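First to last, the protein sequences are chains A and B.
For the first sequence, this note's numbering begins at 375 and goes up steadily by one.
For the second sequence, this note's numbering begins at 375 and goes up steadily by one.
Built from N, CA and C at the ideal position, the CB exists for glycine as well.
Computed from a predicted model, the values in this text were never measured in an experiment.
Data block below; observations after.
2 protein chains.
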Amino acid sequence: MKAATPALTSMLSGRHARWVNIASSLRDTISRGRLVPGEYLPSSRRLAADLGVSRQTVLVALDQLVAEGWVAPRPRSGFVVLDVPALPSARPPPSEPFQFRLNPALGQWPHVDLSRVRYRMHDATPDPTLLPRSELRNAYSFALRHASASVFEREAREGAHRLRRALVAYLRRVRAVVADDVVLTHGSQGAIAQLAAVLLRPGDVVVVEDPGYRPAWEAFRAVGAKVRSVAVDERGLDVDALRNVLRGRVRLLYTTPTRQYPTTVTLSSPRREALLELTRQRGIAVLEDDYDHEYCYRSSPIPPLACAAGMDHVLYVGTLSKLIAPGVRVGFVSAPPIVRERLLDWSRVTVAGGDAVTLAALSHFIEDGSLDRHVWRSRRVYEQRRDALVDALMKWCPQLRFTVPRGGLVLWATCDGLSSSLVARRALASGLSCVPESMVRVRGTDGPGLRLAFSRLPVEQAPAAAKTLARAVRHVARTHDP
Amino acid sequence: MKAATPALTSMLSGRHARWVNIASSLRDTISRGRLVPGEYLPSSRRLAADLGVSRQTVLVALDQLVAEGWVAPRPRSGFVVLDVPALPSARPPPSEPFQFRLNPALGQWPHVDLSRVRYRMHDATPDPTLLPRSELRNAYSFALRHASASVFEREAREGAHRLRRALVAYLRRVRAVVADDVVLTHGSQGAIAQLAAVLLRPGDVVVVEDPGYRPAWEAFRAVGAKVRSVAVDERGLDVDALRNVLRGRVRLLYTTPTRQYPTTVTLSSPRREALLELTRQRGIAVLEDDYDHEYCYRSSPIPPLACAAGMDHVLYVGTLSKLIAPGVRVGFVSAPPIVRERLLDWSRVTVAGGDAVTLAALSHFIEDGSLDRHVWRSRRVYEQRRDALVDALMKWCPQLRFTVPRGGLVLWATCDGLSSSLVARRALASGLSCVPESMVRVRGTDGPGLRLAFSRLPVEQAPAAAKTLARAVRHVARTHDP
Chain A
375 MKAATPALTS MLSGRHARWV NIASSLRDTI SRGRLVPGEY LPSSRRLAAD
425 LGVSRQTVLV ALDQLVAEGW VAPRPRSGFV VLDVPALPSA RPPPSEPFQF
475 RLNPALGQWP HVDLSRVRYR MHDATPDPTL LPRSELRNAY SFALRHASAS
525 VFEREAREGA HRLRRALVAY LRRVRAVVAD DVVLTHGSQG AIAQLAAVLL
575 RPGDVVVVED PGYRPAWEAF RAVGAKVRSV AVDERGLDVD ALRNVLRGRV
625 RLLYTTPTRQ YPTTVTLSSP RREALLELTR QRGIAVLEDD YDHEYCYRSS
675 PIPPLACAAG MDHVLYVGTL SKLIAPGVRV GFVSAPPIVR ERLLDWSRVT
725 VAGGDAVTLA ALSHFIEDGS LDRHVWRSRR VYEQRRDALV DALMKWCPQL
775 RFTVPRGGLV LWATCDGLSS SLVARRALAS GLSCVPESMV RVRGTDGPGL
825 RLAFSRLPVE QAPAAAKTLA RAVRHVARTH DP
Chain B
375 MKAATPALTS MLSGRHARWV NIASSLRDTI SRGRLVPGEY LPSSRRLAAD
425 LGVSRQTVLV ALDQLVAEGW VAPRPRSGFV VLDVPALPSA RPPPSEPFQF
475 RLNPALGQWP HVDLSRVRYR MHDATPDPTL LPRSELRNAY SFALRHASAS
525 VFEREAREGA HRLRRALVAY LRRVRAVVAD DVVLTHGSQG AIAQLAAVLL
575 RPGDVVVVED PGYRPAWEAF RAVGAKVRSV AVDERGLDVD ALRNVLRGRV
625 RLLYTTPTRQ YPTTVTLSSP RREALLELTR QRGIAVLEDD YDHEYCYRSS
675 PIPPLACAAG MDHVLYVGTL SKLIAPGVRV GFVSAPPIVR ERLLDWSRVT
725 VAGGDAVTLA ALSHFIEDGS LDRHVWRSRR VYEQRRDALV DALMKWCPQL
775 RFTVPRGGLV LWATCDGLSS SLVARRALAS GLSCVPESMV RVRGTDGPGL
825 RLAFSRLPVE QAPAAAKTLA RAVRHVARTH DP
């Protein structure tokens, strides 16, 4: 073992040099076999006299050797040397690196080098520059100033309890979701992963929308479940197609009815009824991911599936990351008490609770209306960004076909007859990042779809972004035409 | 489906009554079959005239019906009614609750009702009342004021990157652990769970110390691994016994060498060498949980296993929760690059990163020396609390046997010949919470051991706590003597 300075104590007590040196030379003496197991060290008085230090200094050094297991104190006899296995000390470090037996990596994640991106259209995250920084500062400051020390407790009452209450009130008021309580999670991804852990066993099947949200599939696969896909059309998830894939060990349907990911289509009301009826009859739980409910620009959002009376097989997931900022990792689950209990049980073992201070600050932020005002203001900005992108695409990039999204932070377009992977790659080379269809398809198959997020694209950048896309489309059409 | 007011838009736009009512009555008309699929709605002009509202109001209502999937716009023809499956509308909600097929609950967790606890000795968490509140406020305020908006980004550069750098420097300086980088996790429990996810498959065996840390075992079991125990004596984990349990699919050894949990014994140096040699030879990874390294009261801590040259099979886990406050859920893993990469990969799917603002604030807190000062100050307080508890137990509770712990935040005592579960239960009835041996044994067997945490026990409470314990011991001895 490599010698390491007992750094902390030295640094903090300022009383290092002497006893450390004494301990070190005694350690050497023993490890080199000049004192053998069963032998006694000289008395501390004798050592102190020999070394010209105080007896106290010697005792501190001996204490250290006792802690390290070299010697043991014996009443009225001093310190006896303990049995040290005859290991080759100072052996050379192994020449080969240790071979870890790691589980296979999860699905590919697009790593986008942001330093080379001028038009950021790959992630539909809220724009942090729109945040009411002073209101957030006030919320943190309030949490840290007026809260008692218990804000730093694990079960921070002033954080988790208040935030849960604030979220329950918010959900009822804004989303018409009536929850008696919510479980806080590490963003919506944490919610999905926790639900996967408590609901799924290896070999179970989860039906997901295709195209859809890959990180959710990876969370299901991480617990050994299989992912089966169901088609999506212009009215959302195809419930007739769903009927045909509900065979075998299907335990869960993962769906994004408010705004289908990535097509942004809202699931039609008749399909909602049919979906709820069908899944409940078959004993299949529904995981409703309502990730960006509030971003609808003229029509009001349809009430979530979780609003339907008696539909207690719907597990409702949402997140503050999409409403505030991607760095705010606070999601929530509304579910029947038995599921909430199990989620809490499992979250103690994997991730226990959120960050206490941030939870307390967010409670203030919601309670004093800051969140509502922020959503209201930023929704207007995102509507303008959507309109600017729509106008620019129609003017500069007629090759792309799309329906104007009624809500959400992305526009789903198709470059018919072309590979969107090639288009996206070409666009990235020119500084525009977006998500090609292959990233959102269960089997990773290529297609004409492009997911264009506009939440990070300021209005004035829209024309240049559209021109960049048009150049990429033209390039691919020219280069890859037969 | 229960009707829900389109609450958000109404609330935010203030333009609710009219178009909401119009949409609602059109919806009724369709769902009652008075307009059938394929039929067209009256024109928006006609509707506006009939209803005595502006055409704009009618168009907003129609837009909502389109979003809900009742009607679809047809160029130059108005709005056509879509096909609605003939489902029994307004069906009664199901009478039986939905039966979720939940995975079994994880191991028992002692729920302690804190409102009835006067002497809190069950959890060895740092005392939040010792926190330098103004320094923490400053750190948060600095993070929120001087950082750009990017502190709220998911990959918050000013949080995660700086904190990782600060932790790498801290580990080198204070613990002699040389890491090129660390992975941030959701406390040490998050670190253990993430390592379990990337290192273990169902059926794999993890060897753990017994008695030991139950939440870690539960994290291993949560991914389907089996837990096998190895004994602990007064020099820590018994490496000879370890040799005998390393058969079959043992993939990992979980160990707490700095201060064995719960006995607080430090693993002796010779055993460290033997343990490292043995595990590396057998291809078994070592998870070293160094959960409270800094709390040593006279001797300096032994360098962690992860310091040993070439011992790249050691995965080193630590946490700031034990140094700052239980509500601060920031842990870290030092491991070879390939393991760090896989951890990041999996943490994107389950829990992605920490709380951005708190990470940024903690960077400041560490960089400006606040953490060092806090550790130095609080360690003195905990040493006094240890001494007070030791004195009180010797004076008032001679029935308990123990060795004075050289470090850490707990004292491990035995009430020989008695059931510690009965003693703990009796003590709790008198307002003292502590952990009996059964909670820290792999098979949950009863025994004489009691884990007494003193980090939350102020010096002046020690005598009363010791007297309460003594009464509980006497009661059990009297009642359960044969």
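Interface partners of residue i on chain A, CB under 8 Å
i, result
"T640/B", "A441, E442, G443"
"S524/B", "P502"
"S737/B", "Correct list: empty, because the minimum Cβ distance to chain A is about 14 Å."
Residue interval of the alpha helix (DSSP H) (run including residue i)
i, result
"W750/A", "744-770"
"S721/A", "711-723"
"Y544/A", "536-544"
"S794/B", "794-803"
"D437/B", "429-442"
"V572/A", "561-573"
"R595/A", "588-596"
"T842/B", "836-854"
"F739/B", "730-741"
"D784/B", "The question names Asp, but residue 784/B in the sequence shown is Val. No alpha helix (DSSP H) contains V784/B, which is instead part of the beta strand (DSSP E) from 784-788."
Beta carbon of residue i nearer than 9 Å to that of residue j
i, j, result
"E442/B", "R392/B", "no"
"V551/B", "P678/B", "yes"
"F474/B", "V713/A", "yes"
"P832/A", "G823/A", "no"
"A571/B", "V601/B", "no"
"V619/A", "A599/A", "no"
"H560/B", "G705/B", "yes"
"P576/B", "S695/B", "no"
"L774/B", "V850/B", "no"
"G701/A", "V702/B", "no"
"L661/B", "Y635/B", "no"
"A709/A", "L689/A", "yes"
"V707/B", "Q563/B", "no"
"L574/B", "N512/A", "no"
"C808/B", "A836/B", "no"
"P506/A", "H748/A", "yes"
Amino acids of chain A, ordered along the chain, whose beta-carbon sits closer than 7 Å to that of residue i
i, result
"H687/B", "F472"
"N618/B", "Chain A residues near N618/B: none, gap ~16 Å exceeds 7 Å."
"E592/B", "V723"
Rounded C-alpha distance that separates residue i from residue j
i, j, result
"F776/B", "R759/B", "16 Å"
"A543/B", "E470/A", "27 Å"
"D554/B", "R538/B", "10 Å"
"L386/A", "W750/B", "In this prediction, L386/A scores a pLDDT of 33, lower than 50, which makes its location untrustworthy; the coordinate-derived value is nonetheless stated afterwards. Roughly 7 Å between the two C-alpha positions."
"V604/B", "L611/B", "7 Å"
"E527/B", "R830/A", "12 Å"
"A839/B", "D761/B", "14 Å"
"R845/A", "A801/A", "8 Å"
"A381/A", "S398/A", "The predicted position of A381/A is uncertain, since its pLDDT is 37 and thus under 50; no value can be drawn from it."
"P589/B", "A435/B", "54 Å"
"R617/B", "T653/B", "9 Å"
"A648/B", "A565/B", "26 Å"
Any non-hydrogen atom of the ligand HEM closer than 8 Å to residue i Cβ
i, result
"P506/A", "In the structure on display, the ligand HEM does not appear, and there are no ligands present to speak of."
Limits of the beta strand (DSSP E) - the one that residue i falls within
i, result
"F706/A", "705-708"
"V606/B", "600-607"
"D584/A", "579-584"
"A699/A", "Where A699/A is concerned, there is no enclosing beta strand (DSSP E), given that its DSSP letter is neither H nor E."
"L627/A", "624-629"
"V455/B", "452-455"
Per-residue contacts from residue i into chain B (C-beta, under 7 Å)
i, result
"I676/A", "A441, E442"
"R716/A", "L476, A479"
Under 9 Å from the C-beta of residue i: neighbouring residues of chain E
i, result
"L510/B", "Although the question refers to chain E, the structure presented lacks it and instead comprises the protein chains A and B."
Amino acids of chain B, ordered along the chain, whose beta-carbon sits closer than 9 Å to that of residue i
i, result
"L573/A", "F474, R475, L476, N477"
Chain B contact residues for residue i, given Cβ-Cβ distances below 8 Å
i, result
"A596/A", "A571, W720, V723, T724"
Any chance you could list the beta strand (DSSP E) runs of at least 3 consecutive residues sitting entirely within the stretch 645-690 of chain B, in chain order?
659-663
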